[in-house]
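To keep things clear, I will list the structure first and then write my remarks on it.
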Amino acid sequence: MNVPDGTLPVIPLNAVWKSNAHTVVGDCGPGSTMDRLHSPQGISISKNQSLLIADSSNHRIMKYNLNTGIIQRIAGKNIQGYGPDLLAKPSNIMFHRKTKSFIISDRHNRRVLQWFPRSARYARTLIENIACFGLATDVNGDLYLSDTERHEVTLYRIRENYGKVVAGGNGQGCRLTQLNRPTYICIGDDYSVYVSDSWNNRVMKWKKNAKEGIIVAGGNGKGKDRTQLDYPAGVLIDQLGTIYVADYWNHRVMRWRKDKQPDIIAGDCFLPGNSAQQLTCPEGLAFDHEGNLYVADSNNHRIQRFKIRKL
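Quick note: the sequence shown uses our numbering, first residue 1051, plus one each step.
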């Protein structure tokens, strides 16, 4: 999840963000030093205002304190590996407040890890043999994991070691009962699962106990129109039900509001670039407590902050 433990962000319906972003971490080129990133993917902001970053191609997890500007590596060692202290292309990271642990999608190692920062030097394997990409949690502390090979989203209860499919699970496809490479996910107040159905170029909503999903963004074929998406990545929902989507190959962030046309809130549509107004293949999204939008600008190897304007 991209806000702490299932708490949805409060964003005004007509919110506007400044078009010029500020680079929080990274630069326009890849690097492995503490102040650089290499293809960042999932991001989240913990309750203490720490920005967590899955620094994928550096095989590590970074933590940036939004208050002090201090950045540190909290998992991984800058080299790809399978050991208890190594990662391989991690795609997502979140802090699980109920267990006071970090949950990591260690994608190329096909596992989900749990790391207790105060009591253990190494992570423990929570789930094995899963092509997990996205992570989320609800207000109860239950985990949700997207599986890009089984084309499904699973709810997992840590303390019970129990899981069940809550979206997809009917093979790869484009029917409302199916998903096609589900990546990023978030959870609504009513336990609905919102999932970027990336190869279907749409975002799906699966209500609790539903047998099929509802298209809530995209679903009009791959394209550049504002009603279309081209490989949706990071997805968020706020308390008003507005949906935010990182539109990967269109290099923009889109907003879907109820009873309004979709609009672009970040990025120079269709044009990849490294200026303050541009994005190149955006992935993870997160909001801070003020409503500022953070974007993992993956192919620019940086995290961008779009400041919310005062209404």
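C-beta atoms are modelled at their ideal positions from N, C-alpha and C, and glycine is treated no differently.
It should be emphasised that the depicted structure is a prediction, and the values quoted were computed from it without experimental measurement.
Limits of the unbroken beta strand (DSSP E) element including residue i
{"i": "residue 1309", "result": "Looking at the DSSP string, residue 1309 is not in any beta strand (DSSP E), and its letter there is neither H nor E."}
{"i": "residue 1072", "result": "1072–1076"}
{"i": "residue 1290", "result": "No beta strand (DSSP E) holds residue 1290; DSSP gives it neither H nor E."}
{"i": "residue 1355", "result": "1352–1356"}
{"i": "residue 1162", "result": "1161–1165"}
{"i": "residue 1344", "result": "1343–1347"}
{"i": "residue 1321", "result": "Neither: residue 1321 is in no beta strand (DSSP E) and is coded neither H nor E."}
{"i": "residue 1194", "result": "1193–1197"}
{"i": "residue 1175", "result": "1174–1178"}
{"i": "residue 1125", "result": "1121–1126"}
{"i": "residue 1094", "result": "1090–1095"}
{"i": "residue 1316", "result": "1313–1316"}
{"i": "residue 1265", "result": "1264–1268"}
{"i": "residue 1331", "result": "No beta strand (DSSP E) contains residue 1331, which DSSP labels as neither H nor E."}
{"i": "residue 1185", "result": "1182–1187"}
Per DSSP, the bridge partner or partners of residue i
{"i": "residue 1144", "result": "1153"}
{"i": "residue 1245", "result": "1235, 1254"}
{"i": "residue 1222", "result": "1229"}
{"i": "residue 1115", "result": "1100"}
{"i": "residue 1214", "result": "1205"}
{"i": "residue 1336", "result": "1344"}
{"i": "residue 1067", "result": "1358"}
{"i": "residue 1135", "result": "In the DSSP output, where bridge partners are listed per residue, residue 1135 has none listed."}
Spatial distance of residue i from residue j (CA atoms)
{"i": "residue 1185", "j": "residue 1360", "result": "31 Å"}
{"i": "residue 1156", "j": "residue 1135", "result": "11 Å"}
{"i": "residue 1281", "j": "residue 1119", "result": "32 Å"}
{"i": "residue 1189", "j": "residue 1147", "result": "10 Å"}
{"i": "residue 1158", "j": "residue 1356", "result": "31 Å"}
{"i": "residue 1223", "j": "residue 1168", "result": "43 Å"}
{"i": "residue 1343", "j": "residue 1231", "result": "25 Å"}
{"i": "residue 1346", "j": "residue 1104", "result": "9 Å"}
{"i": "residue 1077", "j": "residue 1353", "result": "8 Å"}
{"i": "residue 1228", "j": "residue 1313", "result": "27 Å"}
{"i": "residue 1153", "j": "residue 1195", "result": "11 Å"}
{"i": "residue 1322", "j": "residue 1209", "result": "44 Å"}
{"i": "residue 1292", "j": "residue 1149", "result": "29 Å"}
{"i": "residue 1054", "j": "residue 1151", "result": "Its pLDDT being 48, under 50, residue 1054 is placed unreliably by the model, and the measurement read from it follows with that caveat. Answer to the nearest angstrom: the Cα atoms are 12 Å apart."}
{"i": "residue 1275", "j": "residue 1335", "result": "21 Å"}
{"i": "residue 1215", "j": "residue 1350", "result": "35 Å"}
{"i": "residue 1201", "j": "residue 1182", "result": "10 Å"}
{"i": "residue 1085", "j": "residue 1122", "result": "9 Å"}
{"i": "residue 1239", "j": "residue 1092", "result": "21 Å"}
Closest residue to residue i among the options (Cα-Cα distance)
{"i": "residue 1253", "options": "1269, 1305, 1262", "result": "1269"}
{"i": "residue 1161", "options": "1352, 1192, 1197, 1085", "result": "1197"}
{"i": "residue 1203", "options": "1177, 1233, 1352", "result": "1233"}
{"i": "residue 1099", "options": "1337, 1298, 1107", "result": "1337"}
{"i": "residue 1079", "options": "1210, 1288, 1108, 1176", "result": "1108"}
{"i": "residue 1059", "options": "1210, 1069, 1295, 1286", "result": "1286"}
{"i": "residue 1174", "options": "1331, 1137, 1141", "result": "1137"}
{"i": "residue 1332", "options": "1340, 1310, 1315, 1180", "result": "1315"}
{"i": "residue 1178", "options": "1191, 1187, 1164", "result": "1164"}
{"i": "residue 1369", "options": "1172, 1278, 1075", "result": "The chain is shown from 1051 up to 1361; residue 1369 falls before or after that span and cannot be answered."}
{"i": "residue 1191", "options": "1298, 1205, 1061", "result": "1205"}
{"i": "residue 1302", "options": "1176, 1257, 1259, 1348", "result": "1348"}
{"i": "residue 1207", "options": "1187, 1219, 1217", "result": "1187"}
{"i": "residue 1116", "options": "1133, 1124, 1074", "result": "1074"}
Where residue i falls, given that 16 or more other Cβ within 10 Å makes a residue buried
{"i": "residue 1320", "result": "exposed"}
{"i": "residue 1143", "result": "buried"}
{"i": "residue 1051", "result": "A caution first: residue 1051 carries a pLDDT of 40, below 50, which makes its placement in the model unreliable, though a value can still be read off. With 16 or more Cβ atoms within 10 Å of its Cβ, residue 1051 is classed as buried."}
{"i": "residue 1266", "result": "buried"}
{"i": "residue 1129", "result": "exposed"}
{"i": "residue 1083", "result": "exposed"}
{"i": "residue 1111", "result": "buried"}
{"i": "residue 1066", "result": "exposed"}
{"i": "residue 1289", "result": "exposed"}
{"i": "residue 1309", "result": "exposed"}
{"i": "residue 1097", "result": "exposed"}
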